[in-house]
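Scroll down for the structure; my scribbles are underneath it.
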Amino acid sequence: MEDWNFGISTLIGLGYVFYFLNLGIQSKPYDRNYTKLFNKSYFIVQLGITVAIAIFGTYRILNVDAREVFYLSPLTFLIFFAIFNKISLLSTGRNILIATGWDRIPNGNKFTSRMNFFLLFFLTILIPGLLMNFLNIGQLMP
Numbered sequence: 004m005e006d007w008n009f010g011i012s013t014l015i016g017l018g019y020v021f022y023f024l025n026l027g028i029q030s031k032p033y034d035r036n037y038t039k040l041f042n043k044s045y046f047i048v049q050l051g052i053t054v055a056i057a058i059f060g061t062y063r064i065l066n067v068d069a070r071e072v073f074y075l076s077p078l079t080f081l082i083f084f085a086i087f088n089k090i091s092l093l094s095t096g097r098n099i100l101i102a103t104g105w106d107r108i109p110n111g112n113k114f115t116s117r118m119n120f121f122l123l124f125f126l127t128i129l130i131p132g133l134l135m136n137f138l139n140i141g142q143l144m145p
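Residue numbers (the numbering used here): 4 to 145.
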C-alpha cells in the first residue's frame with residue numbers, strides 16, 4: 004500500500020507541473036498553459052491550491068510515509084516559476100519563455116528558454132527528492 008501512496012503523490016505533484024509545462028502538446032511556448040500564470044489573480048488562485056496540496060502533503064509526510072514528498076512539487080514549481088519570471092522581467096523586459104528541444108522558439112531566446120525549462124523541471128524534482136533523503140536518512144546527501 005505504501006508504494007501506491009508514493010505513486011499517487013508523484014502523479015499529483017508532477018502531474019500539476021506537467022499540466023503547466025504542457026509537454027509535447029503545443030509547439031509554440033507562448034500557447035502553453037504556464038502563460039496563464041502571468042495573470043496575477045490566476046497565479047494567486049494557483050498558489051492557494053498548491054499551498055493546500057502542500058499542507059496535505061506535509062501531514063502525509065509526517066504521519067504516513069516520508070516518500071510522499073512530491074505533494075510539495077507544485078508549490079516548488081510555482082515558487083521557482085515566480086523567481087525565474089522576475090529575473091526574466093528584470094533582465095530582458097519580458098515574461099519567462101519555457102521551451103523544450105522541439106519547440107519553435109523566437110530567435111535569440113533558444114538557450115535561455117531551454118535552460119528555464121531544464122532548471123524549473125530539475126528543481127521541481129530535486130528539492131522534494133532532497134527533502135525525502137533528509138527525512139529518511141537524516142542528511143541531504145548520502
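Using N, Cα and C, we set each Cβ at its ideal position, and we do this for glycine too.
Review point. Is I99 closer than 8 Å to L24 when the C-beta atoms are compared?
Key: no
Point to revise | Rounded straight-line distance, which links the Cα of S12 to that of Y74 | key: 5 Å
Check your understanding: Does the stretch 77 to 88 touch the stretch 31 to 51, meaning 3 or more C-beta pairs lie closer than 8 Å?
Key -> yes
Check your understanding: Mapping DSSP to helix, strand and coil, what is N36?
Key -> helix
Check your understanding: alpha helix (DSSP H) containing L75: first to last residue?
Key -> Per DSSP, L75 belongs to no alpha helix (DSSP H) and is neither H nor E.
Review point. To which residues of the same chain is Y22 closer than 7 Å at the C-beta, ignoring the five residues directly before and after it?
Key: N36
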